[in-house]
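Heads up: the sequence shown runs through residues 71 to 492, numbered per the working numbering.
Where a beta carbon is used, it is the ideal one built from N, C-alpha and C, also for glycine.
Bear in mind the structure is a predicted one, so any value in this text is a computation, not a measurement.
Input: a single structure, listed below in structure tokens.
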Amino acid sequence: MTVSVPDFFSDPTVIADSRSYFDLVRSQAPILREAYQNTLMVTGFDAVVEILNDKAGIFSNACSVVGPIPGLPFTPEGSDIRAQVEAHRSAMPWSEHLVCMDGKRHQELRMLMGSLLTYKRLKQNEEYLYSLADRLIDGFIDKCRCAVVPDYAHATTTYAISDLMGIPEGDRALLLELIGAPPSQVDGDAVHKVGPDPLIFMKPRFDEYLRDRLETPRGDLMSDLVNATLKDGSKPDFDVVSGLARFLFGAGQDTTSRLIAMAILILGEEPELQHRLRDEPGRIPDFIEEVLRYDAPVKVAYRLALADTTVGGTDVPAGTILTVCYNAASNDPAHFENPERFDIDRPNVRDHMGFGRGFHGCLGAPLGRMESRIAIERLLARVTDIRISEDHHGPAGGRLYRFEPTYTFRSLAELHIEFKPI
Ligand code: HEM
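Have a look at this one:
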């Protein structure tokens, strides 16, 4: 049954306030067919878990990032569309990126990529992150104000992944400029909503880095990546490696930067929490987890049903696109008590869907967590009395926060704060 709810894929009110949308849809049913793109909106925690625990391989990630727009390149036929998906996979946006792969190919490449993000490498990156945070804070502390998104959050994530991967220092500032907001999805025509692959423009540059490291390995992540072998001892094609490198570079940027920005927004709105976390920095990781539960950067991901199945008792015919609403599941009152309350002490604070789960669960979660923890730790150590700028966002109780026009991501477009240096 369809009900009257706004169009998730184009309505600006949903971009501005996705929480109200998710609450409205979940209150009707944990799995509900929406009327605009005919996807199944999955908002209940248990139903989301059921889909992500997909042991039978029924749910494909082929449309994981872009969902139902701009439509499948084929018309699903029959009760099993596996062959159709394979025949048309390369025509689907983002198909060369890990997050949109399935089955054995996905498993092999995921294992390869996971083996590069080692504890040791992250530990080395940690030292860099502390000095980076301080350097960025030095850049704005005397002004007693900061445009958080470009000057702190975004700069942190671009420089952090650049350091981890081994991108030459001289290129980092340019890459910071090139990687901006996530691709706009909600204005323009269907093609521009999705765009081609936003990471494609970086291919020549990354190919050059990788070729260089093929000849002269340097001990950085890109050197290990380009020389890595699959489980069977074979080497993936160069273009596959290039796709992995670009995805690794891009995947954690908008996401982590917007997590940091949202965390600072919440601190700006809650002075008591600032004091508490400054006194108890050991609780900052729980604070980050609660931000991921409360309002995470990836609102939804999509799955394509490869065969007729059921989820939570609902029939799901082959060819159905499911909008798996991570942020709705993380705020399901059946799983999180008083989900609308921001509470770092909730017992299941880490049980959110902010990083997805299962076969495609975020590979960069440890890095995303570390980057945001250090960004908050250093900010709280160096400034006090963080306030939301009323000039930019209006007075308390009547704030205006603008979000990037994308239906997949929850991406704060700007955040301006004021503070006192310590
Ligand atoms: C706080 C920041 C981050 C958030 C909220 C986030 C969120 C997510 C989510 C929800 C997924 C699952 C998508 C799906 O279910 O289809 C995912 C996948 C992924 N993320 Fe992240 N991510 C973050 C940071 C990062 C970072 C820093 C990296 C890289 C260093 C990264 C690399 C990846 C990769 C490679 C995948 C695909 C895994 C696969 O398909 O097997 N992420 N991320």
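> For Val368, which residues does DSSP report across the bridge?
Replying inline: Here residue 368 is taken as the residue at index 298 of the sequence shown, counted from 1. Phe479, per the DSSP bridge assignment.
> The beta strand (DSSP E) spanning Pro491 covers which residue range?
Replying inline: Taking the sequence shown and counting its residues from 1, one reaches residue 491 at position 421. Run containing Pro491: His486 to Pro491, per the beta strand (DSSP E) assignment.
>> So, at 7 Å on beta carbons, what are the nonlocal neighbours of Cys216 in its own chain, with the 5 sequence-adjacent residues on each side left out?
In response: Residue mapping note: residue 216 aligns to position 146 of the sequence shown, counting from 1. Its chain contains Phe210, Tyr222 and Ile487 as the residues whose beta carbon lies nearer than 7 Å to that of Cys216, once the 5 sequence neighbours on both sides are disregarded; these appear in chain order.
>> Comparing C-alpha positions only, which one of Arg328, Gly338, Glu339 and Leu376 sits nearest to Asp365?
In response: Looking up residue 365 in the sequence shown gives position 295. The residue with the shortest Cα to Cα distance from Asp365 is Arg328.
>> Given a cut-off of 8 Å on the beta-carbon distance, is the pair Cys432 and Phe92 in contact?
In response: By 1-based counting over the sequence shown, the position of residue 432 is 362. By 1-based counting over the sequence shown, the position of residue 92 is 22. Cβ distance not < 8 Å, so Cys432 and Phe92 don't count as in contact.
> Could you give the uninterrupted runs of the alpha helix (DSSP H) lying entirely in the region 87 to 164, keeping only those of 4 residues or more?
Replying inline: 88 to 98, 115 to 122 and 152 to 158
> Which residues in the same chain have their Cβ closer than 6 Å to the Cβ of Leu362, if we skip the five residues on either side of it in sequence?
Replying inline: Within the sequence shown, residue 362 is the residue found at index 292, counting from 1. Exclusion of the five residues before and after Leu362 leaves His422 and Gly424 as the residues of its chain whose Cβ lies within less than 6 Å of its Cβ.
> DSSP beta-bridge partners for Phe473?
Replying inline: Residue numbering aside, residue 473 sits at position 403 when the sequence shown is read from its first letter. Its beta-bridge partners are Leu482.
> Can you tell me whether Ser400 is buried or exposed, with buried defined as 16 or more other CB within 10 angstroms of its CB?
Replying inline: In the sequence shown, residue 400 corresponds to position 330, counting from 1. It is buried - the Cβ of Ser400 has at least 16 other Cβ atoms within 10 Å.
> My guess is that Phe129 and Leu374 are in contact by the Cβ rule of under 8 Å, so how many angstroms apart are they, rounded?
Replying inline: As a working note, residue 129 is residue 59 in the sequence shown. As a working note, residue 374 is residue 304 in the sequence shown. At roughly 7 Å, the Cβ-Cβ gap stays under 8 Å, so Phe129 and Leu374 are in contact.
> Skipping 5 residues on each side, what residues in its chain have a beta carbon closer than 6 Å to that of Ser165?
Replying inline: The count along the sequence shown starts at 1 and reaches residue 165 at position 95. So the list reads Arg159, once near-sequence residues are dropped.
> Is the closest heavy atom of ligand 1 to the C-beta of Ile414 under 7 Å?
Replying inline: Taking the first residue of the sequence shown as 1, we reach residue 414 at position 344. Not so, every heavy atom of ligand 1 lies at least 7 Å from the Cβ.
> Of the residues Asp204, Arg89, Ala157 and Asp87, which one's Cα is nearest the Cα of Glu447?
Replying inline: In the sequence shown, counting from the first residue as 1, residue 447 sits at position 377. Comparing Cα-Cα distances from Glu447 to each of Asp204, Arg89, Ala157 and Asp87, the minimum goes to Asp204.
> Taking the Cβ atom as the reference point for each residue, do Ala445 and Ser134 lie within a distance shorter than 8 Å?
Replying inline: On the sequence shown, position 375 is the one that residue 445 refers to. On the sequence shown, position 64 is the one that residue 134 refers to. Not in contact: Ala445 and Ser134 (Cβ atoms no closer than 8 Å).
> Among Asp402, Leu470, Ala483 and Arg443, which has the Cα closest to the Cα of Gln98?
Replying inline: What you label residue 98 is simply residue 28 of the sequence shown in a count that begins at 1. Among Asp402, Leu470, Ala483 and Arg443, the Cα nearest to that of Gln98 is on Asp402.
> Which residue spans inside the region 408 to 477 form an unbroken beta strand (DSSP E) run of at least 3?
Replying inline: 453 to 458
> Three-state secondary structure (DSSP) at Ile237?
Replying inline: Here residue 237 corresponds to residue number 167 of the sequence shown, with the count starting at 1. It is coil, neither helix nor strand.
> Is it the case that the Cβ atoms of Pro367 and Asp324 are separated by a distance below 8 Å?
Replying inline: Against the sequence shown, residue 367 aligns to sequence position 297. Against the sequence shown, residue 324 aligns to sequence position 254. A contact, by the Cβ cut-off of 8 Å.
> Thinking just about the alpha-carbon of each residue, which of Gly148, Glu239, Thr228 and Ala388 is nearest to the one in Arg316?
Replying inline: Within the sequence shown, the letter at position 246 stands for residue 316. Out of Gly148, Glu239, Thr228 and Ala388, Thr228 has the C-alpha closest to the C-alpha of Arg316.
> Excluding the five sequence neighbours on either side, which residues of its own chain have a C-beta within less than 6 Å of the C-beta of Ala398, listed in chain order?
Replying inline: In the sequence shown, residue 398 corresponds to position 328, counting from 1. Excluding residues within five positions, the ones whose Cβ falls inside 6 Å are Phe92, Arg96 and Thr113.
> Taking the alpha-carbon positions, what's the Gly141 to Ile151 distance?
Replying inline: Position 71 of the sequence shown, counted from the start, is the residue given in the question as residue 141. Position 81 of the sequence shown, counted from the start, is the residue given in the question as residue 151. So the two alpha carbons sit approximately 15 Å from each other.
> If you drop the 5 nearest sequence neighbours on each side, which residues of the same chain put their C-beta closer than 6 Å to that of Pro491?
Replying inline: Locating residue 491 in the sequence shown gives position 421, counting from the first residue. For Pro491, where only same-chain residues beyond five positions count, the Cβ hits under 6 Å are Ile211 and Val453.
> Would you report the Cα separation of Gly438 and Glu196, rounded to the nearest angstrom?
Replying inline: Taking the sequence shown and counting its residues from 1, the one referred to as residue 438 is at position 368. Taking the sequence shown and counting its residues from 1, the one referred to as residue 196 is at position 126. Looking at the two C-alpha atoms, the distance is approximately 11 Å.
>> Any contact between the region 120 to 128 and the region 406 to 414? By contact I mean 3 or more CB pairs, one from each, below 8 Å.
In response: no
> Is the beta carbon of Ser149 sitting closer than 8 Å to the one on Arg480?
Replying inline: On the sequence shown, position 79 is the one that residue 149 refers to. On the sequence shown, position 410 is the one that residue 480 refers to. Taking 8 Å as the Cβ cut-off, Ser149 and Arg480 do not qualify as a contacting pair.
> What residues are listed by DSSP as bridge partners for Arg373?
Replying inline: In the sequence shown, counting from the first residue as 1, residue 373 sits at position 303. Arg373 is bridged to Leu392.
> Cβ atoms of Ala230 and Glu441: under 8 Å apart, would you say?
Replying inline: For this step, residue 441 is matched to residue 371 along the sequence shown. For this step, residue 230 is matched to residue 160 along the sequence shown. Taking 8 Å as the Cβ cut-off, Glu441 and Ala230 qualify as a contacting pair.
>> Taking 8 Å as the cut-off, does the region 297 to 312 touch the region 338 to 346 (at least 3 CB pairs, one atom from each stretch)?
In response: no
> Helix, strand or coil for Thr286 per DSSP?
Replying inline: Position 216 of the sequence shown, counting from 1, holds the residue named residue 286. Three-state result, Thr286: coil.
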